[in-house]
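Right under this line is the structure:
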């Protein structure tokens, strides 16, 4: 790791907190040794809350740049999930469409796949998503082979992680893919994280009783 | 879970992002079904950054209440770690001293133990901390039995988790302790988290080559 790594992360109202902070804390940690630039991107610079419904416990994070001002050539663009993905996220979908052709890799965590599916970047690909929301998400990608038993799926430069903490494993795999196994091991040890290194090692498809959904178009 | 659960979490400049958001996302999730109140507590209501040194990638979170205004009777008070624990956290230590006698349980994650040790609440107890920082932290608690091989330690109402992601396991154990195994299992499945249920199941003491430190006072 010598060249600066540029990471973008989208945040919208009702995103799932750990979908975002799992992956980002890996880059927080790596940035102690390597040059990294991070943009936390939203429609405005106002704090963005994870709150989905009234009374729910939530946190608010401060974006660092707007969708309009964000670069479109990140090495990695991270898109968290959460109940907010079911609401008005059109500006984020438009940004993904616009940025994808010039972005290195994209990674959705959990139901962040809703935005990827709507942007069309899962067409003709294999992907996975949150296992509890599997049957709600898969109809959005009729041209996608949805893999039930996967901690994450990598298809070309499109990475899709399963629910919430699977984003940590997918991010470590991305780091390994780009910088080698030692960097990923060091990061996992730093986080004291009992990493899943095998993308097919997923107990949660069985917990939810789901099966692969094949493309219908 | 019928009575409202009140959770407090301290945030200071240079806290470790995932130390906080791992535990909190468990309560975000539980709060979809059960009444929970969360205070994110700092010296002021200004956003608090995880940044420790210039150039490091960081996130900023918005506190919801000040140390001065925070209640002192939370059911659970969470204290994250991070490099910021080595700086001026005196007001936080004072708050812990003041609140501890009327707080249900306290949980430190990672080097959040620095604040607990300085507040004196680890005296005469068993505790653990981040394994990479073990030898830096343990001298702060000369009256503490520091356990090297532990994912977390519970001693009375004082919970101490090992590094970063161990906070997720300790929080799930706290939920199990208070509300039963099914609530903790449901939360882990929701997070798609491969939980460690045994507090002694810790591979990272061996990674760092550390051993227990016994009290000297």
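Residue numbers (full-length UniProt numbering), protein chains in the order written: chain B, 1 to 217; chain Y, 1 to 217. Each residue gets a CB set at the ideal place from its N, CA and C atoms; glycine is no exception.
A straight line joining the alpha-carbon of residue 83(Y) with that of residue 190(Y) spans about 30 Å. Taking 4 residues as the minimum length, the alpha helix (DSSP H) runs contained wholly in the segment 126-200 of chain Y are 134-137, 166-179, 181-190, in order along the chain. Comparing alpha-carbon positions, the option among 23(Y), 30(Y), 10(Y) lying closest to residue 186(Y) turns out to be 30(Y). Only residues of its own chain outside the window of five on either side were considered, and among them 78, 167, 171 have a CB closer than 6 Å to the CB of residue 23(Y), listed in chain order.
Between the segment 150-162 of chain Y and the segment 1-13 of chain Y, the count of C-beta pairs closer than 8 Å stays below three; the two stretches do not touch.
Listed along the chain, the chain Y residues whose CB falls inside 9 Å of the CB of residue 62(B) are 47, 49, 59, 60, 61, 62.
Beta-bridge analysis with DSSP links residue 106(Y) to 77(Y), 158(Y). Spatial neighbours of residue 45(Y) in its own chain (CB-CB distance under 7 Å, excluding positions within 5 residues in sequence) are listed in chain order as 63, 66.
Proximity of residue 4(Y) to chain B, defined by a Cβ-Cβ separation below 8 Å, is not satisfied.
Taking the C-beta atoms as reference points, residue 144(B) is found no nearer than 8 Å to residue 130(B). When secondary structure is reduced to three states using DSSP, residue 10(B) falls in the strand class. Counted as a single uninterrupted DSSP element, the stretch harbouring residue 40(Y) is not any alpha helix (DSSP H) but the beta strand (DSSP E) occupying residues 36-42. At a Cβ-Cβ threshold of 8 Å, residue 119(Y) and residue 93(Y) count as neighbours. Note that the C-beta distance between residue 91(B) and residue 43(B) is below 8 Å. If you draw a straight line from the Cα of residue 211(B) to the Cα of residue 205(B), it comes to about 7 Å. Not one beta carbon of chain Y lies nearer than 8 Å to the beta carbon of residue 146(B). By the C-beta density criterion, residue 217(B) is exposed, having fewer than 16 other C-beta atoms within 10 angstroms. Closest option to residue 76(Y), judged by alpha-carbon separation, among 123(Y), 103(Y), 153(Y): 103(Y). In terms of beta-carbon proximity, residue 192(B) lines the interface with chain Y, with at least one pair separated by less than 8 Å. Beta-carbon to beta-carbon, residue 213(B) and residue 138(B) are separated by about 4 Å, close enough to satisfy the 8 Å threshold. If you ignore the 5 residues before and after residue 200(B), its C-beta comes within less than 8 Å of the C-beta of 149, 150, 151, all in its own chain and listed in chain order. Taking residue 193(B) as reference, the option from 156(Y), 122(Y), 173(Y), 19(Y) with the minimal CA-CA separation is 19(Y). Of all residues in the segment 99-133 of chain B, only 110, 130, 131, 132 come within less than 9 Å of chain Y when Cβ atoms are compared, listed by chain position. Judged by DSSP in its simplified three-state form, residue 61(Y) adopts strand. In its chain, beyond the 5 residues on either side, 105 have a beta carbon closer than 6 Å to the beta carbon of residue 157(B). Residue pairing from DSSP places residue 48(Y) in a beta bridge opposite 61(Y). Taking 8 Å as the threshold, the shortest C-beta distance from residue 210(Y) to chain B does not fall below it. Residue 72(Y) and residue 98(Y) do touch by the CB rule: their CB atoms are close to 6 Å apart, below 8 Å.
Put simply, the CB of residue 66(B) is far from chain Y, with every gap to its CB atoms at 8 Å or more.
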